[in-house]
Amino acid sequence: MSLELLLIIAFGGAFLTYLLGKISSGLRDFFAVFISLTLVAIIAFLYGQPLHKAFYSGFLGLPLVLRLNMLS
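Its first residue numbered 1039, the sequence shown is counted upward by one per residue in the numbering used here.
This is the structure:
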């Protein structure tokens, strides 16, 4: 598991939830709860593992950093 996978699931799930909401509100609600529980399970699995990833450092020399630690 990684931070990239966590972001892909979160943003991809949000987009799919939006599209499913166009079809059926019940399907949208079920999928939103499913994605939320999946994200909670992944974050619980990653808890206690200090993860740090710098993605981009081109804007004024400031990096875009994703971090997961015990306090977040």
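A virtual CB, placed ideally from N, CA and C, is assigned to each residue, including glycine.
Gly1096 sits in a strand when the DSSP states are folded into three classes. Inter-residue distance for Leu1077 and Ile1046 is about 11 Å (C-alpha atoms, whole angstroms). Here Phe1093 has Leu1102 as same chain residues with Cβ atoms under 6 Å from its own Cβ, once five neighbours each way along the sequence are excluded. Distance check between Leu1041 and each of Leu1065, Leu1084 and Ser1095 places Leu1084 closest, using alpha-carbon atoms only. No Cβ-Cβ contact shorter than 9 Å links Pro1088 with Leu1104.
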